[in-house]
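Protein chains: 2
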Amino acid sequence: MLSKNNSMESMEKKHIEIVLIEDEEDILELLEYHLSKEGYAVTGFLSTENVEQFLEEENPSLMIVDRNLPGMEGSEFILHLRRLGYKIPVIFLTARNQEGDLEEGFKSGGDDYMTKPFSPKELLLRAEALLRRSGVTANNTVRYKDLMLDIQKHQLFINGKPIDLTNLEFRLLHAFIKNPRQPLDRDFLRDEVWGNDSTTFHDKTINVALNRLKKKIDPSGEKSYFAPVWGIGYKLL
Amino acid sequence: MLSKNNSMESMEKKHIEIVLIEDEEDILELLEYHLSKEGYAVTGFLSTENVEQFLEEENPSLMIVDRNLPGMEGSEFILHLRRLGYKIPVIFLTARNQEGDLEEGFKSGGDDYMTKPFSPKELLLRAEALLRRSGVTANNTVRYKDLMLDIQKHQLFINGKPIDLTNLEFRLLHAFIKNPRQPLDRDFLRDEVWGNDSTTFHDKTINVALNRLKKKIDPSGEKSYFAPVWGIGYKLL
DNA sequence: ACAAGTCGATAACATTTTGGTTACAAGGTA
DNA sequence: TACCTTGTAACCAAAATGTTATCGACTTGT
């Protein structure tokens, strides 16, 4: 009964990303465990380092941040992010419990504030409430293997590294990622990527376009994302 | 100094309505006092009775509700309101501190939860944070990096230095600051900045307008706030 | 296995599309 | 009128995409 319920929740929340910043490793692991169990996709950090870079690539729905971090203070970091225009919901964690801290946390743009020790259950409830209130923004991304296509940003990431694609290349790759391992024939690609209106459509247009795409996402040719299907078209491996 | 600050805050928040439901009269009065002092328009109730009728007439921005009320339980009442489609933000108050209560409060649609005794200061901070997250913006400035847009004054500040913008330039920059790092396509900008009524809309209108904006906010071109997204539009970096 | 035919890969070149910039015109406002 | 704002047009540059040619690889029939 319980496990069934959990698996159902996993299904629902699978796409919700949460960022966790906490320098005490055991607490970080504990929270990661609880959040993952609920079906959230959790990414943990031991400091604010690298978090900003992460945010440029992903669009997490929530951040849970310790106030007391090595290097940059948690609230300082959030204030910094707010100044940069990030509106992501934030729950602060703190060992201290002085009103000044509380105020600093909220004033720097936090949405909620929990004082250690707290029950994981309460954190989950507060996270859920905050996500509900924020109107959980579904992450508009499509993934395949190490490829990640952010539709909104119109950007491809390979292992987190951004790769610039042209419009045509983007549509082409999108078509393949939507149908992985499927041979896509030339007619389908013409409709899907180019639009079926073109009366004159040269045979080799697709070849050349795919060739350019291949070179851009795998210049050394070591990964071989695509394979030709003779007489039909191509497929994404 | 303090009073001056308070009066300024009052000016800003004057129009924000808060509903308070609390059966202990002394607590009700205490909270009414603190909230009013901050400039909120507070309406207090000793029970859930009549609240629904009140909501039909007014649109308060926040409700602060005791869990333990005569007649109908606070969480039960909020659940009832949620079922009716009310999305108003809710902060629960409770004397008890058992996890079951907490869960019931959040599950019934509450946004935050405070256990008595609590400091009025913390309640104010939490109320403010929740209002901010709900989009009730008492302050009308938008920031992005070193850009600060004062909506009311219709003025841009760069590192505190005022820069005069034309109407069009202001709307354009506002659109971008509201969606930082996102490519905004030409159709979106036409709707958002120009208004979709225009039948004849030249291709280059946006180019020229953005060009003028770029020159005005960064004459030397060293900061590169904007980047073109080929075939799509532009984005604010 | 081999030859012919078909299709894909690739590179070079051509064309089209799109963005940047400037100058000028139309309209509004002090 | 003298400005200021905004739209329009013209031109150029850059980027993206299409076209063509050549080569090589696979398939098939004998």
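Each protein sequence line maps, in turn, to chains Z and W.
4 is the number of the first residue of the first sequence in the working numbering; add one for each residue after it.
4 is the number of the first residue of the second sequence in the working numbering; add one for each residue after it.
All C-beta atoms, glycine included, are put in the ideal place defined by N, C-alpha and C.
With H, G and I counted as helix, E and B as strand and the rest as coil, what does DSSP make of residue i?
i: Q155(W); result: coil
i: E52(Z); result: coil
i: E195(Z); result: helix
i: P120(Z); result: coil
i: Y36(Z); result: helix
i: F179(W); result: helix
i: G42(W); result: coil
i: F95(Z); result: strand
i: E25(W); result: coil
i: D114(W); result: coil
i: G74(W); result: coil
i: K218(Z); result: helix
i: E172(W); result: helix
i: F229(W); result: strand
i: D167(W); result: coil
i: R146(W); result: strand
i: K90(W); result: coil
i: G224(W); result: coil
i: V211(Z); result: helix
i: L105(W); result: helix
i: I19(Z); result: coil
i: F242(W); result: Residue 242(W) lies beyond the residue range present for chain W, which begins at 4 and ends at 240; the question has no answer from this structure.
i: I67(Z); result: strand
i: F204(Z); result: coil
i: I161(Z); result: strand
i: L240(Z); result: coil
i: Q185(Z); result: coil
i: N8(Z); result: The pLDDT assigned to N8(Z) is 37, lower than 50, so where the model puts this residue is not dependable; a value taken from the coordinates is nonetheless given after this. It is helical.
Is the Cβ-Cβ distance between residue i and residue j less than 8 Å?
i: T97(Z); j: R129(Z); result: no
i: L150(W); j: L159(W); result: yes
i: P186(Z); j: I220(Z); result: no
i: S78(W); j: E52(W); result: no
i: L133(W); j: I94(W); result: yes
i: P123(Z); j: L34(Z); result: yes
i: P222(Z); j: E60(Z); result: no
i: R136(W); j: R86(Z); result: no
i: S64(Z); j: V139(Z); result: yes
i: H18(W); j: L127(W); result: no
Going by alpha carbons, who is nearest to residue i out of the options?
i: E125(Z); options: S50(W), P120(W), N182(W) and G103(W); result: G103(W)
i: G113(Z); options: P123(Z), K119(Z), A132(Z) and L82(Z); result: L82(Z)
i: K148(Z); options: N100(Z), S111(Z), F109(Z) and P183(Z); result: P183(Z)
i: K217(Z); options: H205(Z), A230(Z), L31(Z) and G198(Z); result: A230(Z)
i: N214(Z); options: V68(Z), T203(Z) and Y228(Z); result: Y228(Z)
i: N100(Z); options: A178(Z), T118(Z), G198(Z) and L176(Z); result: T118(Z)
i: F57(Z); options: L31(Z), E195(Z), W233(Z) and L84(Z); result: L84(Z)
i: E195(Z); options: I180(Z), N210(Z), L175(Z) and D206(Z); result: L175(Z)
i: N142(Z); options: N62(Z), W233(Z) and L31(Z); result: N62(Z)
i: N162(W); options: T208(W), T169(W) and L152(W); result: L152(W)
i: L240(Z); options: K207(Z), L105(Z), R189(Z) and F179(Z); result: F179(Z)
i: D206(W); options: F173(W), R189(W) and N199(W); result: R189(W)
i: L168(W); options: S111(W), G198(W) and A212(W); result: A212(W)
i: L72(W); options: E25(W), T208(W) and W197(W); result: E25(W)
i: N210(W); options: T202(W), N199(W), W233(W) and G198(W); result: W233(W)
Is residue i buried or exposed, if buried means 16 or more other CB atoms sit within 10 Å of its CB?
i: K238(W); result: buried
i: E55(Z); result: exposed
i: I154(W); result: exposed
i: K156(Z); result: buried
i: M4(Z); result: Residue placement at M4(Z) is poorly supported in this model, since its pLDDT is 30, which falls under 50; the coordinates still yield a value, given next. Exposed is the call here.
i: K7(W); result: Unreliable positioning characterises K7(W) in this predicted model, as indicated by a pLDDT of 32, which lies under 50. A coordinate reading is not provided.
i: E28(Z); result: exposed
i: Y116(Z); result: buried
i: F204(Z); result: exposed
i: F121(Z); result: exposed
i: F80(Z); result: buried
i: E32(W); result: exposed
Could you check how far apart the C-beta atoms of residue i and residue j are, in whole angstroms? I think they sit under 8 Å.
i: L23(W); j: G47(W); result: 5 Å
i: A44(Z); j: I67(Z); result: Not really, about 13 Å apart at Cβ, beyond 8 Å.
i: G88(W); j: S50(W); result: About 22 Å separates the two Cβ atoms, so there is no contact after all.
i: E225(Z); j: F109(W); result: In fact, because the Cβ distance is near 50 Å, the residues do not count as touching under 8 Å.
With respect to 7 Å, is the separation between the Cβ of residue i and the closest non-hydrogen atom of the ligand ATP below this value?
i: I94(W); result: The ligand ATP is not part of the structure shown, which contains no ligands of any sort.
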